[in-house]
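Take a look at the structure set out below.
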């Protein structure tokens, strides 16, 4: 590969080159850019981003620097640094289109049946709407080109591709028939199910039975005593799915009796063979079979066959459905939805249920749940078991953020073994699919406890465990401890254990597999160690697949891919198309796609092209100095300036709205 020193530059030269639009020495372009963005000169680059070219890199001070990189440094005359930690983030939800939105009933061609009636605050006159509608962003609509029909009609920001005379929405019947009846995205939230959840009419028979036995066990053992593992195991409830209730018009989901109704007579009238002494929650109709009275053995449950496969971890915010489609295309074998909070799912929140959606190309797909108590987690597991299609359910016991930890969830469950056991046993008793658990090495940095917890998790009934080689205190800094992961893999046997941490190249993946793990999870691991210019190696931070989603291809083909800037830009184009298909091609969908694109760009900018490295493979614990790419686009993609990320988004989605602002959700070094 080419030596990195050929491409080294200073911060001023780097940004001057970008301001000049790729033409070095263009003073007019620089002055024009300063006039457009007067704020940029007031807010200097964050101290942690500066390369320490005159200080030698030592192993001793790397530990301190890694911790200090995440803290704010104040210098005289410098503005407070904007850190994207979800604290006082500017409101980035564009509401300019709310004032003149077209009523959905008009878009769907049924204006006379407006759901809101006289209270509707949306426009019903198409001519009035078209007079204030923003200009189209392009001539090609992704939805129309793919499916033959755009459901957003005149509200589509690419409407000129499918609008005829009188603003009539054109339909390509031949193409539309090919997709007729096909479900591309599964696990949607039906309105009737949402209504039952909000009215608390959903029946949790198995979960309630488990919780009753759990309460009985706790009552017998006395307050303050831990529930014995044997007694809890003996009270496990059947995993069998209840048979259909007979009539075709029966509800698809269990329904609680309405207020005022006595459930006992109905139970007596039905021809059910229930042994009251056993307390079985399963009601049967007709002759008794083994299915009715014998529960599934653990060996009879559906198996999770993912040994040796590449697992894309659940990634909050960035691990959305369009991004998972990108990773799936590059070779990811197993995908998992973003972390979903169980209490929000039980309340029927549409935004939380959106995290469970599954694209039809995701052949092995799971969902990850977060919660702190056995009642909500067990009920949520039963809810999902009956309503969505997944191959496994994962419990998040690795989330380090304070919002989750202080409520007893995430990593806090590693210190609450009693609740942890009740959650795992309860969820396993109501699920027909495998249950997996993701944990960290421990809570405190130098006190590892995973090796003590893993045998218990296996005993409680989990099918697999994933170990992130860092503690909660380390968050996503420091190097992952793969030696400890190897020890835990031996302890976990015969239960599969996946390792997670610092996988950036196929060499890293090969070394990880040699530790004895069943597979590797590629996710977001961050390491921030400054290095001197003498090292001239990369990488600033590692967020696994977020930095280079083609890592799955590199691992499977056992090669380094010197991907060009145009190829990387084509990946962004595909993400944009997937986003418009998923979130919509109207103004709201376009801006939501832009938001998630910018979140992803805040990670993608940290990739260093293979052709610029002096040594291979890339090292995760070193940061590069400023460098110039082999072309303008490659240099633009290397910028950590949020204004340059917005420029890239404008190349794909058109100009941003007036007064548009963006700050990454994660802990970022972005600046204006």
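Numbering (our numbering), first residue to last: 972 to 1643.
Glycine included, each C-beta is placed from N, C-alpha and C at the ideal position.
Just so it is clear, the structure is predicted and the values come from calculations on it, not from any experiment.
The beta-bridge partner set that DSSP reports for residue 1435 consists of 1407.
Taking C-beta separations shorter than 8 Å and ignoring five residues to either side along the sequence, the partners of residue 1429 in its chain run 1436, 1463 and 1466, following chain order. Taking a C-beta distance under 8 Å as the contact criterion, residue 1457 and residue 1472 do not qualify as a contact pair. The C-alpha of residue 1352 lies about 14 Å from the C-alpha of residue 1168. Judged by beta-carbon spacing, residue 1607 lies within the 8 Å limit of residue 1618, meaning their Cβ atoms are closer than that value. Residue 1164 and residue 1573 have their C-alpha atoms some 37 Å from each other.
Here DSSP, grouped into helix, strand and coil, assigns residue 1398 to helix.
Counting C-beta pairs with one atom in each stretch, the region 1418-1434 and the region 1339-1350 have fewer than three that are closer than 8 Å, which means they do not touch.
The beta-carbon separation of residue 1339 and residue 1285, rounded to 4 Å, stays under the 8 Å limit for a contact. Counted as a single uninterrupted DSSP element, the beta strand (DSSP E) harbouring residue 1336 occupies residues 1336-1341. When beta bridges are read from the DSSP output, residue 1598 appears opposite 979. Around the beta-carbon of residue 1279, fewer than 16 other beta-carbon atoms lie within 10 Å, marking it exposed.
The continuous stretches of alpha helix (DSSP H) do not include residue 1475, and DSSP gives it neither H nor E.
Short of 6 Å from the beta carbon of residue 1332, and not among the five residues preceding or following it, lie these beta carbons of its own chain, in chain order: 1299. Shown here, residue 1359 sits in coil according to DSSP, grouped into three states, outside any helix or strand. Within the model, the alpha-carbon separation for residue 1565 versus residue 1383 is close to 34 Å. For residue 1516, there is no enclosing alpha helix (DSSP H), since its DSSP letter is neither H nor E. Distance from the CA atom of residue 1179 to the CA atom of residue 1186, rounded to whole angstroms, is 10 Å. A straight line joining the alpha-carbon of residue 1577 with that of residue 1522 spans about 14 Å. Counting every other CB atom within 10 Å of its CB across the protein chains shown gives residue 1622 a total below 16, marking it as exposed. Put simply, the backbone Cα of residue 1281 is about 12 Å away from that of residue 1483.
Closest option to residue 1072, judged by alpha-carbon separation, among 1094, 1089 and 1081: 1094. Taking the C-beta atoms as reference points, residue 1407 is found nearer than 8 Å to residue 1363.
Residue range 1490-1493 is occupied by the beta strand (DSSP E) that includes residue 1493, with no alpha helix (DSSP H) assigned at that position. Proximity to residue 1615 across 990, 981, 1518 and 1492 peaks at 990, based on C-alpha coordinates. Around the Cβ of residue 1303, a 10 Å sphere holds 16 or more other Cβ atoms; the residue is buried.
When rounded, the separation of the alpha-carbon atoms in residue 1132 and residue 1121 is 10 Å. DSSP lists 1340 and 1408 as the bridge partner or partners of residue 1366. DSSP places residue 1311 in the uninterrupted beta strand (DSSP E) bounded by 1306-1312. Its chain contains 1477 and 1480 as the residues whose beta carbon lies nearer than 6 Å to that of residue 1526, once the 5 sequence neighbours on both sides are disregarded; these appear in chain order. Annotation note: the region 1535-1579 contains the following uninterrupted alpha helix (DSSP H) runs of length 4 or greater, listed N- to C-terminal: 1536-1554 and 1558-1575. Excluding sequence positions up to five before and after residue 1459, its CB lies within less than 7 Å of the CB of 1421, 1422, 1425, 1438 and 1468, all in the same chain and listed in chain order. For residue 1282, the uninterrupted beta strand (DSSP E) segment begins and ends at 1281-1283. Sequence-distant Cβ neighbours of residue 1395 in its own chain, meaning closer than 8 Å and more than five residues away, are 1366, 1406, 1408, 1428, 1431, 1432 and 1433.
Counting along the chain, the unbroken alpha helix (DSSP H) around residue 1162 starts and ends at 1162-1169.
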